[in-house]
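Visitor: Chains as they are written, first to last, in the numbering used here: chain A, 3 to 231; chain B, 13 to 112.
The beta-carbon is built from N, C-alpha and C at its ideal position, and this holds for glycine as well.
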Amino acid sequence: MAAHAPGHNPALLHHFATEDQQRDSASLGMWIFLATEVMFFGGLFCAYLIYRRAYFSDFAAASTSINAALGGTNTAVLICSSLTVVLAIWAAQTSRRGLMLFMLALTMLFGLAFLGIKGVEYNDKFVEHHVPGASFSFEHQPIPGHPDQYANPRHAEIFFALYFIMTGLHALHMVVGLGIFAWLFWAAWKGRFTPEYHTPLEIGGLYWHFVDIIWIYLFPLLYLIDRHQ
Amino acid sequence: MSAHSDHSKSSSLTTYFAVWIALLGGTLLTYEAAKLDLGRYNAAVALIIATTKALLVALFFMHIKGASEKLLKLVVFSTLFMLAILMVLSMADYGTRLWS
Numbered sequence: 003m004a005a006h007a008p009g010h011n012p013a014l015l016h017h018f019a020t021e022d023q024q025r026d027s028a029s030l031g032m033w034i035f036l037a038t039e040v041m042f043f044g045g046l047f048c049a050y051l052i053y054r055r056a057y058f059s060d061f062a063a064a065s066t067s068i069n070a071a072l073g074g075t076n077t078a079v080l081i082c083s084s085l086t087v088v089l090a091i092w093a094a095q096t097s098r099r100g101l102m103l104f105m106l107a108l109t110m111l112f113g114l115a116f117l118g119i120k121g122v123e124y125n126d127k128f129v130e131h132h133v134p135g136a137s138f139s140f141e142h143q144p145i146p147g148h149p150d151q152y153a154n155p156r157h158a159e160i161f162f163a164l165y166f167i168m169t170g171l172h173a174l175h176m177v178v179g180l181g182i183f184a185w186l187f188w189a190a191w192k193g194r195f196t197p198e199y200h201t202p203l204e205i206g207g208l209y210w211h212f213v214d215i216i217w218i219y220l221f222p223l224l225y226l227i228d229r230h231q
Numbered sequence: 013m014s015a016h017s018d019h020s021k022s023s024s025l026t027t028y029f030a031v032w033i034a035l036l037g038g039t040l041l042t043y044e045a046a047k048l049d050l051g052r053y054n055a056a057v058a059l060i061i062a063t064t065k066a067l068l069v070a071l072f073f074m075h076i077k078g079a080s081e082k083l084l085k086l087v088v089f090s091t092l093f094m095l096a097i098l099m100v101l102s103m104a105d106y107g108t109r110l111w112s
């Protein structure tokens with residue numbers, strides 16, 4: 003390859019032939035990382051499935067104690083944040099700097115709202131002593147559909163352990179995502195992104211959407227077990 | 013050289029907003045469907061809606077639809093394949109044990 007012609011895109015690194023190749027390499031790297039993330043969460047989903055099958059009615063009793071309206075609101079908040087991410091990228095592609103900055107800020111705001119609502123939800127669980135550990139208590143909690151039967155507290159504790167590990171790990175990903183978007187906002191502010199080069203926005207967006215997809219599964223699996231009674 | 017599609021530049025805003033509405037609708041649908049007594053099909057309905065939503069996000073927001081890079085598709089399919097090995101073989105084991 004010849005040396006770059008004068009006026010080449012300064013964002014094109016020298017070990018890439020074209021901008022397309024550079025962007026595809028970055029995107030492929032992110033997708034491979036997401037593949038490892040799928041397996042990371044996959045193990046937890048598998049553990050959840052095994053225990054849910056074994057202790058279904060105890061899981062149903064424990065799940066019903068969680069505030070599903072808060073969980074549903076959080077699902078909507080994350081979906082809105084995914085929209086603002088694609089709008090930020092669209093704004094970068096069409097040279098709308100103000101809109102791009104606004105959408106990135108909005109994404110972070112939605113992310114913070116998600117964590118705030120999550121905090122309210124966790125607080126409820128601490129107040130009710132539903133956090134696995136020494137002060138855990140789930141005595142005399144009826145099984146949905148069987149008001150004369152109580153859930154086994156030991157089995158319900160397994161549900162809450164999975165609930166805190168899975169939502170906690172997801173929340174940790176949200177915190178990391180907020181860090182990534184704070185950096186993207188700063189880079190966008192500095193004028194780093196152009197219609198030709200905005201790969202970091204696309205890569206960061208892939209991560210954010212992935213975290214959204216994990217939540218799309220967590221919500222029905224953790225919050226909506228046997229709600230029809 | 014690689015012949016690339018125009019990537020996401022041609023993706024219209026209409027698509028993004030339509031997907032957004034569909035995702036919000038799907039969330040409401042999951043929430044309401046959970047209140048119906050569908051017997052053993054409650055879980056299936058919840059998972060079908062969740063998978064549809066996940067597909068919408070992956071295809072339109074993460075731009076798998078329209079991606080020209082074959083390696084990317086290989087990564088996505090091998091991820092799903094590995095996940096299927098984890099889930100199917102584990103459940104085949106636990107599902108056929110006499111104890112537990």
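Would a check of beta-carbon distances place Ile182(A) closer than 8 angstroms to chain B?
Guide: The residue given as residue 182(A) occupies position 180 in the first sequence. Cβ-Cβ to chain B under 8 angstroms: no for Ile182(A).
Visitor: When the cut-off is 8 angstroms and only beta carbons count, does Ala63(A) lie next to chain B?
Guide: In the first sequence, the residue the question calls residue 63(A) occupies position 61. Chain B, which has no Cβ nearer than 8 angstroms to the Cβ of Ala63(A), makes this no.
Visitor: Should the region 186 to 195 of chain A be called in touch with the region 157 to 167 of chain A, which here means at least 3 C-beta pairs below 8 angstroms?
Guide: In short, these stretches do not touch, since the Cβ pair count stays below three.
Visitor: Which runs of the alpha helix (DSSP H) at least 4 residues long sit entirely within the region 118 to 203 of chain A? Give them in chain order.
Guide: Runs of the alpha helix (DSSP H) inside the region 118 to 203 of chain A: 155 to 191.
Visitor: Could you tell me which uninterrupted alpha helix (DSSP H) segments, each at least 4 residues in length, are contained entirely in the region 42 to 89 of chain B, listed from first to last along the chain?
Guide: For the region 42 to 89 of chain B, whole alpha helix (DSSP H) runs of length 4 or above, ordered along the chain, are 53 to 68.
Visitor: Using a cut-off of 7 angstroms between C-beta atoms, extract the partners of Arg156(A) located in chain B.
Guide: Sequence index remark: in the first sequence, residue 156(A) carries index 154 (1-based). Simply none; closest approach about 15 angstroms.
Visitor: One question on the structure: do Phe72(B) and Thr27(B) come within less than 8 angstroms of each other, judged by their Cβ atoms?
Guide: For the purposes of this step, residue 72(B) is taken as the residue at position 60 of the second sequence. For the purposes of this step, residue 27(B) is taken as the residue at position 15 of the second sequence. Going by C-beta atoms, Phe72(B) is nearer than 8 angstroms to Thr27(B).
Visitor: In whole angstroms, what separates the C-alpha of Gly147(A) from that of Thr96(A)?
Guide: Taking the first residue of the first sequence as position 1, residue 147(A) is located at position 145. Taking the first residue of the first sequence as position 1, residue 96(A) is located at position 94. Rounded to the nearest angstrom, the two C-alpha atoms are 55 angstroms apart.
Visitor: Taking only beta-carbon positions, decide if Met176(A) is within less than 8 angstroms of chain B.
Guide: In the first sequence, the residue the question calls residue 176(A) occupies position 174. With 8 angstroms as the cut-off, Met176(A) does not count as an interface residue toward chain B.
Visitor: Which same chain residues, not among the five before or five after Lys85(B), have their C-beta less than 8 angstroms away from its C-beta?
Guide: For the purposes of this step, residue 85(B) is identified with residue 73 of the second sequence, where counting begins at 1. Ile76, Ala79.
Visitor: Exposed or buried, Val88(A), counting other C-beta atoms within 10 Å across all chains shown (16 or more means buried)?
Guide: Numbered from 1 along the first sequence, position 86 holds the residue referred to as residue 88(A). Classification for Val88(A): buried.
Visitor: Where does the unbroken alpha helix (DSSP H) through Ser83(A) begin, and where does it stop?
Guide: Locating residue 83(A) in the first sequence gives position 81, counting from the first residue. Looking at the DSSP string, the run of the alpha helix (DSSP H) that includes Ser83(A) is 70 to 95.
Visitor: Alpha helix (DSSP H) containing Thr66(A): first to last residue?
Guide: What you label residue 66(A) is simply residue 64 of the first sequence in a count that begins at 1. Run containing Thr66(A): 58 to 66, per the alpha helix (DSSP H) assignment.
Visitor: Tell me, please, whether the CB atom of Thr77(A) is closer than 8 angstroms to any CB atom in chain B?
Guide: Sequence index remark: in the first sequence, residue 77(A) carries index 75 (1-based). Yes, Thr77(A) lies at the interface with chain B (some Cβ there is under 8 angstroms from its Cβ).
Visitor: With three or more beta-carbon pairs closer than 8 angstroms as the criterion, would you say the region 46 to 65 of chain B touches the region 208 to 228 of chain A?
Guide: The region 46 to 65 of chain B vs the region 208 to 228 of chain A: in contact.
Visitor: My output table needs one value for Gln23(A): the three-state DSSP class, helix, strand or coil.
Guide: Along the first sequence, read from residue 1 onward, the residue named residue 23(A) stands at position 21. Reduced to three states, the DSSP call for Gln23(A) is helix.
Visitor: For the region 70 to 87 of chain A against the region 98 to 117 of chain A, do three or more pairs of beta-carbon atoms, one drawn from each stretch, fall closer than 8 angstroms, so that the two count as touching?
Guide: In short, these stretches touch, since the Cβ pair count reaches three.
Visitor: Using only alpha-carbon positions, find the residue among Ser90(B), Lys82(B), Gly107(B), Thr42(B) that is nearest to Leu224(A).
Guide: Against the first sequence, residue 224(A) aligns to sequence position 222. Minimum Cα distance to Leu224(A) is reached at Thr42(B).
Visitor: Label Trp33(A) either buried or exposed according to how many other C-beta atoms from any shown protein chain fall within 10 Å of its C-beta, with 16 as the threshold for buried.
Guide: Residue numbering aside, residue 33(A) sits at position 31 when the first sequence is read from its first letter. Under this definition Trp33(A) is a buried residue.
Visitor: Between Phe18(A) and the rest of its own chain, which residues show a CB-CB distance below 8 angstroms, the 5 nearest in sequence each way excluded?
Guide: By one-based count along the first sequence, residue 18(A) stands at place 16. The residues are Gln24, Ser27.
Visitor: If you count every other CB in all the chains shown that lies within 10 Å of the CB of Ala93(A), and 16 or more means buried, which is it?
Guide: Locating residue 93(A) in the first sequence gives position 91, counting from the first residue. Counting Cβ neighbours within 10 Å, Ala93(A) comes out buried, since at least 16 surround it.
Visitor: Looking at chain B, which residues of the region 33 to 48 of chain A have a Cβ within less than 8 angstroms of any of its Cβ atoms?
Guide: Listed by position, the residues of the region 33 to 48 of chain A near chain B (Cβ gap below 8 angstroms) are Trp33, Ile34, Leu36, Ala37, Val40, Met41, Gly44, Gly45, Phe47, Cys48.
Visitor: When the Cβ atoms of the region 95 to 104 of chain B are set against those of the region 47 to 58 of chain A, are three or more pairs found closer than 8 angstroms?
Guide: Yes, the region 95 to 104 of chain B is in contact with the region 47 to 58 of chain A.
Visitor: Per DSSP, what kind of secondary structure is His211(A) in: helix, strand or coil?
Guide: As a working mapping, residue 211(A) is identified with position 209 in the first sequence. His211(A) falls in the helix class under three-state DSSP.
Visitor: Of all Cβ atoms in chain A, is any one closer than 8 angstroms to the Cβ of Tyr106(B)?
Guide: Position 94 of the second sequence, counting from 1, holds the residue named residue 106(B). Chain A contact via Cβ: present.
Visitor: Helix, strand or coil for Arg229(A)? Go by DSSP, reduced to three states.
Guide: Position 227 of the first sequence, counting from 1, holds the residue named residue 229(A). Reduced to three states, the DSSP call for Arg229(A) is coil.
Visitor: Can you give me the Cβ contacts of Gly100(A) inside the same chain, cut-off strictly under 7 angstroms, excluding the 5 residues immediately before and after it?
Guide: The count along the first sequence starts at 1 and reaches residue 100(A) at position 98. No residues qualify anywhere along the chain.
Visitor: Would you verify that the beta carbon of Thr26(B) is, or is not, closer than 8 angstroms to some beta carbon of chain A?
Guide: Residue numbering aside, residue 26(B) sits at position 14 when the second sequence is read from its first letter. By this cut-off, Thr26(B) is not an interface position.
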